Structures are given as C-alpha cells and as structure tokens.
Amino acid sequence: MTGLSIRNVHKSYGNVPVLKGINIDVAEGEFLILVGSSGCGKSTLLNMIAGLETITQGEIAIGGRVVNDLPPKSRDIAMVFQSYALYPSMTVRENISFGLEIRKVAPEERKRIVEAVAESLQISHLLDRKPRQLSGGQRQRVAMGRALARDPTLFLFDEPLSNLDAQLRIEMRSEIKMMHKRTGKTVCYVTHDQVEAMTLGDRIAVMKDGVVQQLGRPQEIYDAPANMYVAGFIGAPPMNFIPGTLEGEGSGLVMSIDTGAERRRLALPFRPADVKARPGQKVVLGLRPERITAAGASTSDPLKVRVDMTEPTGPDTLIYATLNGKRTLCRVQPFAAPKAGEAIALDFDLSRALLFDPESGARLDGGLAG
Amino acid sequence: MRPDKLVARIAIYAVLGFFALIFLAPLYVVLVTSLKTLPELRVGTMLALPQGLNFDAWGKAWSSACTGAACNGLQPFFMNSVYIVIPSVIISSMIGSINGYALAQWRFPGSEIIFTGLLFGFFIPFQAILLPAAQFLGMLKLANTIPGLIIIQTVYGIAFCTMLFRNYYVAMPLELVKAARVDGAGFFRIFWRIFLPISLPIFTVCVIWQFTHIWNDFLFGVVFSGPESRPITVGLNNLVNTSEGVKEYNVDTAAALITALPTLIVYIIGGRYFIRGLTAGAVKG
Ligand SMILES: Nc1ncnc2c1ncn2[C@@H]1O[C@H](COP(=O)(O)OP(=O)(O)O)[C@@H](O)[C@H]1O
Ligand SMILES: [Mg+2]
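First to last, the protein sequences are chains E and S. Okay, so the first sequence: first residue is 1183 according to our numbering, each after it adds one. Okay, so the second sequence: first residue is 1149 according to our numbering, each after it adds one.
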C-alpha cells in the first residue's frame, strides 16, 4: 500500500496552468520533499493533497483511497503552515485540542492527548498561554503539536521553518526528523531551502514551473541531476557551469579552458559514443566546487588559475576565478588559500563532471543515473 | 527648555485653545440656554451663565412640549428611536461581519465583483433609493412602521459594515481558515470560534458608527415613518417648529441636547476603542 499517490495531477487557475501533470508515488512511512523556487506550485500541490484546493485533472490517493472528492477533514491528514496559523484567541491547549473537539473526542481523552503531545514537544509549561505570548520557535512547536494531536496517516508541511532564524531552523529540522522516525508516518514536506531538502528527505521532488524535474534520493539528485536546473538548484555553493566547445582528440573528448593565467585543453571522462553531442558543438561543463581543490603532490596535471576573490567559510575557503569568461567557485583548504590577485595551481577532478546543453539545459553525457 | 522653544510652545497652545473655544462655544450657549427660564432669556445675553441649575425646560422638552397637535414632549420619539436603532445596529453589524469574513477569507469566484458592488452601494445617495424603498416597504405592508424603518436602516448599513469588517479580516492570514478546515471546522464554526473572538475592536467601530448614523438620521425617519413611529430627529424638528406665540429657546435647546445625548454617551464610552479599532487593521495590514 502506498502512503500517497499523485497521478497525472493538473491545476489551472482560469486559463493559467499552474501544475502540468504531476506524478509522484510516496511509500508508506516515507519522507518526501517538494522543493523548488518560489511560485513553482509547491503550495498549490500540497493544498490539493489536503483538499483545500480542487483538483483540475488527475487523481490523488492517500493510503490507497482516492480522495479527490473528500473534504480536508475526511482525508486523515494534518498540516503545518508557514505562518503557523495558530488560532489567536485560543490558548495553546485549545489550539491543540480544537480538531479533537470537532471530531468529538471525549474531554478526558483530549486532555490526555494534549498533555502527551505537549510533553513530547517540551511545551507543557506553555499550555495556558495565548499565541501572541509565544516566541517564533514556540509557535512553531505548537503548530507541530496541533498536527501531532490528530495522529493522521499523512503529515503535510508547507515551509514550516522559513520564518525561524538560522539557529532555530537547524534545531527544529532535527526535531522534525526525530518526530518522523518516532511516528513512522508518511510526510510530504514543502520547502524552497535545498539544505532542508537534502537533510530531511528520503526522496526529493525538484519542481519548476509546475513540472517535476527530477524525483530521487538526495544523493542521487546531488550526484546525477537530470538537468541544469536541478544541478544548479541543489547544492550550496551551487555547481559551476563552465561554457565551452566540445572537441575531439584522439579517441576521447576535450574542452579548452581559459583560466586567465593559462589556456589548456582538459580531457573529459566521457566516451564519445555515450555523449549526445558532436565535437564542435557548444556545451556547458558542470563541476561542483568541491571537485576543484588546491593541487597537491599527487596532482598529475595542475591548472594555474588567477584568483578574483576569496571567501573563507571556516572549514574551507571559496576561491572565485574566471574560467572561459564565467565566474567559477573552487573549494580549497584554508591553509592553501592564496590572496585575491594571486595565482594558484588547482586540481580539477573531472571524474564527476557533467555535460549540459546550453540551450535546453538537458544532460548530454551518458552517465544519467536512474 | 530654550526660550525660543518655549515661545513656540506657548503660541501653539494659544492657537489650539482659541480654536477649541470656537468649537465649544455653540455647545456652551445651548447648554446654558437650556438651563435658563424664559424671563432670564429675555434680559440676559446669550453667553451669560444661568442664575441656577433649572431643569424645568428639560422636563418640558422630555414630557410635555408640543410637537404639532400632540403635547407629550420628546419621550415617545426617543423610545421609537431606541426601538429602531438597537435592532438595526445589531443586525447590520452581525450581517456585516459575516459578509466581511466571507469576502476576505473565502475568496469564492466573483467575490471581488460582489465587494465592488457593495462599495458602490455604500456611495449611493439616500435620495436615490427613497422611492424604490417606499414601494418595497409597501409590498411588505410595513410602510410607516418601526419594523419597516429597521429594515431600511439595516439594509442601508450593510454595505458599510461589510466593508469595515472585510478590511479588518483581510489582514488575517488565509492559512487560519485552511488550518481550521483541516481541523474539521466549517464556515460558521470558523467564524464563531476563530474570527468573532478577535473582532471586538472592529465591532466597536461598527456599532458606534451605525448607532450615530441611524440615531441622527432624519431623511429616512421623516419619509418612512407614520404618526406612531417617528424617530427623535423628526420629533425634535416638530418640537422646534411648533410655536404657540413666544419662542421657548430654553425648551428647544434642552430638546436638542436630549436628542444628542445618546450619541455623546456612546462616544464617551467607546471612543477610545473606536480609535484603537480604526488603527488596528491599519497596523496589521
Ligand atoms: N488562488 C490563486 N489564483 C490564481 N493564481 C494562483 C492562486 N494561488 C496560486 N496561484 C499561482 O500559482 C502559482 C504557484 O503558487 P504556489 O503554489 O503558491 O507556489 P509556491 O508555493 O511554489 O511558491 C503562482 O504563480 C501563483 O501566482
Ligand atoms: Mg508556497
């Protein structure tokens, strides 16, 4: 049995299509992330799962049951919102038990559930306060408590952490992860934050303009993005996209790189037969910053690069350089970092390099996984 | 404080005090006149203080002054106004708040068009609806009755009340309704349990506004009332225009004050909340 199944779902507002055929199957107990830039239709999809928006076309099933025509309260879901949406005139206790009260849970049972939930979220001392007397983090916990009290088969989260400061966000992130481990319930979680997506999700659906660009495990999406949009969206700092022209050399493929300090042809690790591009064609080379590091004794063929700017992050230092006219980030150990204006010898690890079409953004190398 | 600043401060207070006096002068004249006897009025100037606190004129205005043929004072008119104002204010505020909640929080197809229509209704002049309204009341067999006036005042007030509440509720996040719907609550339960309890400030504004408006209304009152249902503004008009020989200014001014008293009291009690309610929406929005 699947936890959630979204089949060919479309949504239009008037004549404007917002979702253009979404297909996602979520296993029972799985943590699915919907991620994408603002306005791509994440909230719309989540609201349709919740029953807060009508489904223009397609089918949504929760726990094996098609819910297209069921109202939200009959879908056995709970939802946490970005603004928390706590009822302002009710105390924390009343907020958490409101849904139970409507479903006619007996008062003693309600009390027991509220107290157990409050205990698990460490908000027992706040039960008699009003929402306006709470800090952002506490409100967030109450919103979680309201969802937990319902004990649904499916949890829906719409950017629940984006109103918190960085510190609290990390804390609540791990708490949500622990809650998922503890309850084992299916979760559908919307975020525009790719770090949240990577750390929380069993699987991630990357969306753009109402279309799922890629659906896969976090590492899969990181290592083998389906196209340039996904490659650029997942990962911080983002993947480098170095423009160039594909050239043939012997039986292999190469690409010229102008670093500002020297000009060289780098051998690409792709078999010409696998690559959906011919020599002479313009391509984009995708390479993550951590694949460009300071050359060491073992580097066979270091490349000299002029440094535009450096950015120490603590564990390592980011180096900005210009390759083929495009700003490129490299990640080096702090002790190896030069100053701006100096040159540095870099080790380009092309074993994980990707090749994209500059026009369509499609992957051109044959290493497409999954 | 530096001397030049002090001078500026004194000048500001002098100007403010001067204008306050100008605005208060008519009230002062009306008040002292209502406390004087007729002989006193003949000899003294308008601004002179009365010789004592003499409420005879007030008594006469309330219960025995002539308003046309009848000589029962303002009392029956006052009670008519009370019977008209209280239900009209309550009903128009309640309907306005539910309308405003629906328009702001449920955004159904066409809700913007309805809101624009209501705004339009808000700007329709009284005079334009007199004839159709009279026909309508005739059809209901409520012409010249208090229930008829209640209906007219309520309907005319709904547009304004709806706009007031809509603008208040539109500042609340739409996610509140979504959360409550997921919790299993419906349209009216969400209104009753979530929106109504946070509506006190805007209710105060609406009630004060509607009370003042309906209490002070003359046009509807004179057009749609019969001998038994005339509101106090019509009573005051009749009282002032009925004279048997000598003009009793003390009774006229006492009657004017009696007419104005309820709105004054409502303002004094609710004024603070009025300002707070008007600005509450603005701050959040
Ligand atoms: N009620 C609505 N009417 C018309 N367009 C809407 C409505 N709700 C959302 N949209 C549009 O749908 C698109 C997706 O919105 P949304 O799902 O909120 O995006 P996201 O949550 O990914 O930021 C946006 O372009 C938005 O303008
Ligand atoms: Mg959103």
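Note that the Cβ used here is the ideal one computed from N, Cα and C, for glycine as well. Computed from a predicted structure; not experimentally measured.
Residues of chain S with a Cβ closer than 8 angstroms to the Cβ of E:A1232 are, in chain order, K1326 and V1330.
Taking a Cβ-Cβ threshold of 7 angstroms, the residues of chain E close to S:P1321 are S1265 and A1267, in chain order. For E:Q1396, the pairing in a beta bridge is given by DSSP as E:V1388.
Contact between S:Q1223 and S:S1241 fails: their C-beta atoms lie close to 27 angstroms from each other, not under 8 angstroms. For S:A1333, at least one C-beta of chain E is nearer than 8 angstroms to its own C-beta. Taking the beta carbon of S:P1345 as reference, the chain E residues within 7 angstroms of it are S1271, listed in sequence order. Remark: C-beta atoms of E:A1379 and E:Q1396 do not approach each other more closely than 8 angstroms. Taking 9 angstroms as the upper bound on Cβ-Cβ separation, chain S lies near residues I1284 and R1285 of the stretch 1284-1318 of chain E. The beta carbon of E:T1238 sits closer than 6 angstroms to those of H1192, K1193 and S1194, all from its chain and outside the five residues before and after it, given in chain order. E:Y1502: member of the beta strand (DSSP E) spanning T1499 to L1505, first to last residue. Given a length threshold of 4 residues, each whole run of the alpha helix (DSSP H) inside the stretch 1309-1339 of chain E is given here in chain order: 1318-1332. At a cut-off of 8 angstroms between beta-carbon atoms, E:I1259 makes contact with chain S.
Chain-ordered, the residues whose CB falls short of 5 angstroms from any heavy atom of ligand 1 come out as E:Y1195, E:V1200, E:S1220, E:G1221, E:C1222, E:G1223, E:K1224, E:S1225 and E:T1226. Chain order gives the chain S residues near E:G1281 as D1331 and G1332, where near means a beta carbon separation below 7 angstroms. Judged by their CB atoms, S:N1292 and S:S1347 are not nearer to each other than the 8 angstroms cut-off. In the three-state scheme derived from DSSP, where H, G and I count as helix and E and B as strand, S:Q1283 is classed as helix. Taking the C-beta atoms as reference points, E:G1549 is found no nearer than 8 angstroms to E:G1366. It is roughly 19 angstroms from the alpha-carbon of E:S1438 to the alpha-carbon of E:T1475. For E:V1249, no beta strand (DSSP E) encloses it, and the DSSP letter there is neither H nor E. Under DSSP, S:N1292 shares a beta bridge with S:S1373. Neighbours of E:P1254 across chain S, judged by C-beta separation under 9 angstroms: K1326, R1329, V1330, D1331 and G1332. Using a CB distance cut-off of 8 angstroms, S:I1342 counts as an interface residue toward chain E. Taking C-beta separations shorter than 7 angstroms and ignoring five residues to either side along the sequence, the partners of E:L1201 in its chain run V1191, H1192, K1193, G1223, T1226, L1227 and G1392, following chain order. Rounded to whole angstroms, the separation of the alpha carbons of E:H1374 and E:S1220 is 7 angstroms. The beta carbon of E:V1457 sits closer than 8 angstroms to those of L1428, L1435, L1537, L1546, D1547 and G1548, all from its chain and outside the five residues before and after it, given in chain order. Between the stretch 1176-1192 of chain S and the stretch 1364-1384 of chain S, the count of Cβ pairs shorter than 8 angstroms is below three; the stretches do not touch. By the 16-neighbour rule on beta-carbons within 10 angstroms, E:V1248 is exposed. Judged by beta-carbon spacing, E:I1284 lies within the 8 angstroms limit of S:A1333, meaning their Cβ atoms are closer than that value.
When Cβ pairs closer than 8 angstroms are counted between the two stretches, the stretch 1341-1349 of chain E is seen not to touch the stretch 1288-1305 of chain E, the count staying below three.
Rounded to the nearest angstrom, the gap between the Cα atoms of S:I1158 and S:F1167 is 14 angstroms. Taking E:A1267 as reference, the option from S:V1330, S:S1245 and S:I1160 with the minimal CA-CA separation is S:V1330.
Shown here for E:R1460: same chain residues with a beta carbon closer than 8 angstroms to its own, the five before and five after excluded, namely L1428 in chain order. In this structure E:P1471 is buried. Its beta-carbon is surrounded by 16 or more other beta-carbon atoms within 10 angstroms. Boundaries of the alpha helix (DSSP H) around E:A1298: P1289 to L1303. The continuous beta strand (DSSP E) containing E:N1205 extends over residues V1198 to A1209.
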